[in-house]
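Participant:
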Amino acid sequence: MILTSEQNDMLKGGQGSTKQKAMRLLVDLGEAAGAKRLIPVTSAHVSGVSPLTGGEGLIRFLKDLMAEGDSETAVETTLNSAGCDRSKFEEMDIPVKDYVEKQQNILDAYERLGIKLTLSCTPYDDLSIEGNASWAESNAVCFANSYTKLRTNQESGLSAIATAICGFTPEYGLLLDENRIPNLTVTVDCDLEEPVDYSILGDWIGKQIQPQWKMEYGPIPIIFGLNNLNSECKKALTAAAANYGCPMLFVDGFTDNPRSTDSHTDIRFTAMDLKKRYSELAPRNRVDLVTIGCPQASYKEIQRTAELVDGKELPKGRLWLFTSSGNFAKAEKEGLIKIVEDAGGLVLRETCPEVVHYNHAK
1 MILTSEQNDM LKGGQGSTKQ KAMRLLVDLG EAAGAKRLIP VTSAHVSGVS
51 PLTGGEGLIR FLKDLMAEGD SETAVETTLN SAGCDRSKFE EMDIPVKDYV
101 EKQQNILDAY ERLGIKLTLS CTPYDDLSIE GNASWAESNA VCFANSYTKL
151 RTNQESGLSA IATAICGFTP EYGLLLDENR IPNLTVTVDC DLEEPVDYSI
201 LGDWIGKQIQ PQWKMEYGPI PIIFGLNNLN SECKKALTAA AANYGCPMLF
251 VDGFTDNPRS TDSHTDIRFT AMDLKKRYSE LAPRNRVDLV TIGCPQASYK
301 EIQRTAELVD GKELPKGRLW LFTSSGNFAK AEKEGLIKIV EDAGGLVLRE
351 TCPEVVHYNH AK
């Protein structure tokens, strides 16, 4: 790789050992990916926050990274969801000793690096920045590449931290125009009415992928036949597709048109496919807990949930609604949090269903 004098200085330790460690990781990643250079970024989003997913290894890594105390983030950096809502830990009944203490140690380490404790898996909410980025949350990567002016590869938590510290990322993959083209054509032959219908569509697309299809950076579909795509539907579609490695998608009439196409496969989504997938995903046994908010619920999703449970009596604690601190504050001001919790639900902030340690003994 060709490095600038500034990047070489980092690699040689001229700007401290923390940046040196981070730059080594980026150079190794870039060489493995065939990148020719490192380019500056405007944003980083770091995953790997919960004690459940990171464990003691994450705590040791952050301590090692901060051992010299000689570096902070070089660009605006946000942080993914934590492993619990610290204000409602007792209600969550997490059966792990010192869980909150471990979570706080992780958050303190990230904060010392200069990372904003946004604790959200939806960093695209109210997004105003554009350009190259380094994001490490799959649903956010797909959303940003598809609907915003931000470009990012699907990063790991480690590479996102390294980029945050150095301000550079290897130039390859979805950062290059030639790789941002569809490799799969999807035609929708039925009406989609609810955001969950779009989630089913994204999930169905992912399940059609065959091992023999050559998709170096994952499936990148171009979708025809959609008549509506509001913000909740956008999020539902990209989040579900991202579960199958989709880093971006195009929707005819709603996203920028691709520069070209490399699609060799056409698939068609029908009303029968929608009905069948609903049937496949339907619970077969007693449901102990219903979770809403993966990715974290938007204000409108909180509003819709409140409308559905208003005046009803749910089994206590059997509905958990996850959202960001920003959306929680807005919904609380409008009285929506009280409506959900008066009905027996629990509204949680700063965390996500995927990274919570549940008490399975209950």
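Under the numbering used here, the first residue of the sequence shown is numbered 1, with each subsequent residue one higher.
Yeah, the Cβ is synthetic: ideal placement off N, Cα and C, and Gly gets one too.
On a predicted model such as this, the values are computed, not experimentally measured, just so you know.
Let me confirm a value: P283 is counted as buried when at least 16 other C-beta atoms fall within 10 Å, else exposed. Which label applies?
Facilitator: Along the sequence shown, one-based indexing puts residue 283 at 283. Counting Cβ neighbours within 10 Å, P283 comes out exposed, since fewer than 16 surround it.
Participant: Determine the direct distance from the alpha carbon of Y358 to that of E130, and round the result to whole angstroms.
Facilitator: Your numbering for residue 130 matches position 130 in the sequence shown. Your numbering for residue 358 matches position 358 in the sequence shown. Rounded to the nearest angstrom, the two C-alpha atoms are 37 Å apart.
Participant: Report all residues from its chain with a CB closer than 7 Å to the CB of M23; omit the five preceding and five following residues, and keep chain order.
Facilitator: Translated into the one-based positions of the sequence shown, residue 23 becomes position 23. Closer than 7 Å at Cβ, skipping near neighbours: Q7, M10, L11, C166.
Participant: Please work out which residues of its chain come closer than 6 Å, Cβ to Cβ, to A162, disregarding the five sequence neighbours upstream and downstream, and give them in chain order.
Facilitator: Counting from 1 along the sequence shown, the entry for residue 162 is found at position 162. Closer than 6 Å at the Cβ level, and outside the excluded window around A162, lie A22, L25, L26.
Participant: Measuring straight from C-alpha to C-alpha, what distance separates G218 and A343?
Facilitator: Translated into the one-based positions of the sequence shown, residue 218 becomes position 218. Translated into the one-based positions of the sequence shown, residue 343 becomes position 343. Looking at the two C-alpha atoms, the distance is approximately 42 Å.
Participant: How do the stretch 332 to 347 and the stretch 290 to 309 stand: do at least 3 beta-carbon pairs fall below 8 Å, yes or no?
Facilitator: yes
Participant: For I2 and N153, I'd like the C-alpha separation in whole angstroms.
Facilitator: Position 2 of the sequence shown, counting from 1, holds the residue named residue 2. Position 153 of the sequence shown, counting from 1, holds the residue named residue 153. About 20 Å.
Participant: If I follow the unbroken beta strand (DSSP E) through P170, where does it start and stop?
Facilitator: On the sequence shown, residue 170 is found 170 positions in, with the first residue counted as 1. Counting along the chain, the beta strand (DSSP E) containing P170 begins and ends at 168 to 170.
Participant: Could you tell me whether the Cβ atoms of K234 and T122 are closer together than 9 Å?
Facilitator: One-based indexing of the sequence shown puts residue 234 at position 234. One-based indexing of the sequence shown puts residue 122 at position 122. Result no, Cβ atoms of K234 and T122 do not sit closer than 9 Å.
Participant: Any idea what DSSP makes of K116, helix, strand or coil?
Facilitator: Counting from one through the sequence shown, the residue named residue 116 turns up at place 116. It is a strand residue.
Participant: Is the stretch 41 to 55 touching the stretch 312 to 329 in the sense that three or more CB pairs, one from each, lie closer than 8 Å?
Facilitator: no
Participant: Applying the 10 Å Cβ sphere with the 16-neighbour rule, what's the burial state of D177?
Facilitator: Reading the sequence shown from its first residue, position 177 is the one you call residue 177. D177 should be labelled exposed.
Participant: Starting from the C-beta of Q15, find all residues in its chain whose C-beta is less than 7 Å away, skip the five residues before and the five after it, and write them out in chain order.
Facilitator: Here residue 15 refers to the residue found at position 15 when the sequence shown is read from its first residue. Around Q15: D9.
Participant: Do you know offhand how far L52's Cα is from N105's?
Facilitator: Indexing the sequence shown from 1 puts residue 52 at position 52. Indexing the sequence shown from 1 puts residue 105 at position 105. Distance between the alpha carbons of L52 and N105: 14 Å.
Participant: Determine which residues share a DSSP beta bridge with W135 and list them.
Facilitator: What you label residue 135 is simply residue 135 of the sequence shown in a count that begins at 1. DSSP lists H45, Q154 as partners of W135.
Participant: Quick one: any contact between the stretch 198 to 208 and the stretch 244 to 259, if contact means 3 or more CB pairs under 8 Å?
Facilitator: Counting Cβ pairs under 8 Å, three or more are found: they touch.
Participant: For E76, which beta-bridge partners are listed by DSSP?
Facilitator: For the purposes of this step, residue 76 is identified with residue 76 of the sequence shown, where counting begins at 1. In the DSSP output, where bridge partners are listed per residue, E76 has S43.
Participant: Name the one or two DSSP bridge partners that L319 has.
Facilitator: For the purposes of this step, residue 319 is taken as residue 319 along the sequence shown, with counting starting at 1. Note: L319 sits in a beta bridge opposite V290.
Participant: Take the Cβ of D189 as the centre, count every other Cβ of all protein chains shown within 10 Å, and call the residue buried at 16 or more, exposed below.
Facilitator: Within the sequence shown, the letter at position 189 stands for residue 189. Answer is exposed; the Cβ neighbour count stays below 16.
Participant: Does I267 come out as helix, strand or coil in the three-state DSSP assignment?
Facilitator: Here residue 267 refers to the residue found at position 267 when the sequence shown is read from its first residue. Note: I267 maps to strand in three-state DSSP.
Participant: Counting only runs that start and end within the stretch 198 to 264, where is the alpha helix (DSSP H) found for 4 or more residues in a row?
Facilitator: 231 to 242
Participant: Any contact between the stretch 347 to 358 and the stretch 135 to 146? By contact I mean 3 or more CB pairs, one from each, below 8 Å.
Facilitator: no
Participant: Leaving out five residues on either side along the sequence, give the residues of the same chain with a beta carbon under 8 Å from the beta carbon of V290.
Facilitator: By 1-based counting over the sequence shown, the position of residue 290 is 290. Taken in chain order, the residues that qualify are R318, L319, W320.
Participant: Quick one: is M92 buried, meaning 16 or more other Cβ sit within 10 Å of its Cβ, or exposed?
Facilitator: Reading the sequence shown from its first residue, position 92 is the one you call residue 92. Under this definition M92 is a buried residue.
Participant: Among the residues of its own chain, which have a CB less than 6 Å from the CB of V96, if the five just before and after it don't count?
Facilitator: Looking up residue 96 in the sequence shown gives position 96. H357, listed in sequence order.
Participant: Between which two residues does the alpha helix (DSSP H) containing T18 stretch?
Facilitator: Position 18 of the sequence shown, counted from the start, is the residue given in the question as residue 18. That run of the alpha helix (DSSP H) goes 17 to 33.
Participant: Measuring alpha carbon to alpha carbon, tell me which of I302, G326, L38, S325 ends up nearest K338.
Facilitator: In the sequence shown, residue 338 corresponds to position 338, counting from 1. Cα-wise, what sits closest to K338 is I302.
Participant: Could I get the ranges of all uninterrupted alpha helix (DSSP H) runs contained in the stretch 296 to 355, with 4 residues as the minimum, in chain order?
Facilitator: 299 to 309, 325 to 333, 336 to 342
Participant: Of all the options E334, G293, A331, E332, which has the alpha carbon lying nearest to the alpha carbon of N139?
Facilitator: Counting from one through the sequence shown, the residue named residue 139 turns up at place 139. It is G293 whose Cα lies nearest to the Cα of N139.
Participant: N80 and V100 look like a contact to me (Cβ under 8 Å); what is the Cβ gap, rounded to whole Å?
Facilitator: Locating residue 80 in the sequence shown gives position 80, counting from the first residue. Locating residue 100 in the sequence shown gives position 100, counting from the first residue. Incorrect: roughly 18 Å between the Cβ atoms, too far for contact.
Participant: Looking at T148 and L113, is the spacing between their C-beta atoms short of 9 Å?
Facilitator: Position 113 of the sequence shown holds residue 113. Position 148 of the sequence shown holds residue 148. Result no, Cβ atoms of L113 and T148 do not sit closer than 9 Å.
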